[in-house]
Amino acid sequence: VEVWLADMASLVTLAIAIPDSLLSDYFCQKYYHGQNDCAALRSRVVANHTRTVPTLELGDRRKPAMVFLHGWPDSSALWANQFEYFCDGGGKYYCVAPSWLDFHPDVPPAPASSLFWDEQVDAFHTVLAKEMGLTNITLVIFDFGSVIGYQLVYRHPELVKRVVSMDIGMSILGAGGLPPGTPSIDSLLAYQQTNVRAFLTKNTTLMQSNILESPCAGCKVITWRAGWPYYQLVRNATGETWPERIAPSVPRSAWKFSDAPDFPPHVPLLFTYGTCTIGTGCPGCPACTPRSFYFFGQDWLDWISARDPVHKTSRAVAIAGAGHWTNCWAANATNAAMDAWLSELDG
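Residues -17 to -1, 1 to 330 (mature numbering (1 follows the signal peptide of the UniProt record, and there is no 0)) are what the sequence shown spells out, left to right.
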């Protein structure tokens, strides 16, 4: 009976497959770097627009779920290479890549009241846990998806079996916890300032000028609306500050990390990161220039190493030959690192 129900669920998923711009315009053209027939791979991916946020899905729903959260300036199409490796042609997993609010051109804009990080966490949780009924998820997170992913794991640790985070870590906070106050726009990194200003002025041209070194340079899906996650950094009106929205009952002094109050001790973590400067070492780019700026510090790597020093169920792995987007531009090495770690955990 269980097999029959799973088969019926797969048929329902197939029945509601519809055209999807991310799948048709970016999946192969911008993100796929394999050697096989991407058009055939793409034909097996199902787009679902009936959920709280749209999803791309591939594989057998009876298999363990591997969920992917993209960041900026990307979309759920980013994960083409991981879909192929882990979920296609008898792969071990069922792949699900939900879209961020206002990062998908085929659905109406989200209401302004939804454009907060905690609302995004809730939207992902609704899709994964309530609408799809997924459990024991292998959560793969990247860029701003890592920030939201850490918050999702904090708020819903029962949903996640293990985490693979790519290139964005957290700062380890001292005894004082998360500092008070809200940063000004001018105090942000330059690209973050541009994103905030593009969002506030509804300037897609400005936003597009900020994505030229990404795999999705020129992707029309990245409009001014995609700047909202960065605007959350500086929102300071009553009821708008992100720490109080993510964890309203936790004082800032009790926070252990910069992006979430805590990380569940029972959840293993693989952290991967590129070693090249952004814009170097990738296909069609100049040769790799060793990276000097990272979105994490040595404290993050030390914390990972100390989590389980005997069994090393958590670890950090440097990916050579690419910078920030190793999941795309160094897909083989990234997939191999993920597969090796997951296989060790599964024993």
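Using N, Cα and C, we set each Cβ at its ideal position, and we do this for glycine too.
Hey, how far is the Cα of H294 from the Cα of L142? One C-alpha to the other measures close to 23 Å.
Is the stretch 33 to 41 in contact with the stretch 131 to 140, if contact means three or more CB pairs nearer than 8 Å? Counting Cβ pairs under 8 Å, fewer than three are found: no touch.
How would you label F195, buried or exposed, when you count the other beta carbons within 10 angstroms and need 16 or more for buried? First, the residue type needs correcting, since residue 195 is Leu and not Phe in the sequence shown. Here L195 is exposed. Its C-beta has fewer than 16 other C-beta atoms within 10 Å.
Roughly how many angstroms separate the alpha carbons of T309 and Y77, rounded to a whole number? About 21 Å.
Is it buried or exposed, I1, if we count other Cβ atoms within 10 angstroms and call 16 or more buried? With a threshold of 16 other beta carbon atoms within 10 Å, I1 falls short and is exposed.
Spatially closest choice to V90 from A30, A320, N315 and V300, by CA coordinates: Taking only the C-alpha atoms, the option nearest V90 is A30.
CB contact flag (H53, L41, <8 Å): At the C-beta level, H53 and L41 stay beyond 8 Å of one another.
Would you report the Cα separation of A313 and H307, rounded to the nearest angstrom? If I take the Cα positions, the gap works out to 10 Å.
Report the residue from S96, R44 and P212 whose alpha carbon sits nearest the alpha carbon of D126. Closest option to D126, Cα to Cα, is P212.
In the DSSP assignment, the alpha helix (DSSP H) including R180 goes from what residue to what residue? Where R180 is concerned, the enclosing alpha helix (DSSP H) stretches over A173 to T184.
From the beta carbon of V36, is the nearest beta carbon of chain B less than 8 Å away? Annotation note: the requested chain B is absent from the structure, which comprises a single protein chain.
Can you tell me the Cα-Cα spacing of F279 and I287, whole angstroms? The straight-line gap separating the alpha-carbon atoms of F279 and I287 is approximately 12 Å.
Ignoring anything shorter than 4 residues, give me the alpha helix (DSSP H) runs that lie fully in the stretch 297 to 326, in order along the chain. Counting only runs of 4+ residues, the alpha helix (DSSP H) found wholly inside the stretch 297 to 326 occupies 309 to 312, in chain order.
Going by C-alpha distance, which of N193, T165, T188 and F254 is nearest P226? P226 has its Cα closest to that of T165, out of N193, T165, T188 and F254.
Since I believe N318 is in contact with Q65 (beta carbons under 8 Å), could you give me their beta-carbon distance rounded to a whole number of angstroms? Correct: roughly 6 Å between the Cβ atoms.
Where does the unbroken alpha helix (DSSP H) through P226 begin, and where does it stop? Where P226 is concerned, the enclosing alpha helix (DSSP H) stretches over W225 to I229.
C-beta atoms of D57 and C199 nearer than 8 Å: Contact flag set, yes.
Rounded to whole angstroms, what is the Cα-Cα separation between D3 and D150? Cα to Cα, the separation comes out at about 28 Å.
Cβ pair count under 8 Å reaching 3, the stretch 210 to 224 against the stretch 158 to 173: A contact exists between the stretch 210 to 224 and the stretch 158 to 173.
Other residues of its chain near T272: CB distance less than 7 Å, five sequence neighbours each side excluded: Close CB contacts of T272 within its chain, under the 7 Å cut and outside five residues either way in sequence, are with C259, T260 and T263 (chain order).
Reduced DSSP secondary structure (H/G/I, E/B, other) of C199: Taken through DSSP and simplified to helix, strand or coil, C199 comes out as coil.
Could you tell me which whole beta strand (DSSP E) segments of length 3 or greater appear in the stretch 43 to 103? Complete beta strand (DSSP E) runs here, min 3: 48 to 52 and 77 to 81.
Please classify F276: is it buried, with 16 or more other beta-carbons within 10 angstroms of its beta-carbon, or exposed? Burial call: exposed.
Would you mind giving the Cβ-Cβ distance between W324 and L253, rounded to the nearest angstrom? I have them listed as a contact below 8 Å. Yes, W324 and L253 are in contact; Cβ-Cβ is about 5 Å, under 8 Å.
Beta-carbon contacts of H108 that lie in its chain and below 8 Å, excluding the five residues immediately before and after: Result list for H108: L135, R138, H139 and L142, in chain order.
Determine which residues share a DSSP beta bridge with V146 and list them. Paired residue(s): L122 and L252.
For F107, which of helix, strand or coil comes out of DSSP? Correct three-state label for F107: helix.
Residues near M(-10) in its chain [Cβ-Cβ closer than 8 Å; skip 5 each side]: Confidence in M(-10) is poor, its pLDDT being 40 and thus under 50, which makes the residue's placement unreliable; the coordinate value appears in the next sentence. Closer than 8 Å at Cβ, skipping near neighbours: no residue.
Within 10 Å of its beta-carbon, does R25 have 16 or more other beta-carbons around it, so buried, or fewer, so exposed? R25 sits buried, since 16 or more C-beta atoms from the chains shown fall within 10 Å of its C-beta.
Going along the chain, which residues of its own chain have a beta-carbon closer than 7 Å to the beta-carbon of K144, five neighbours each way excluded? Correct list, in chain order: N119, I120 and T121.
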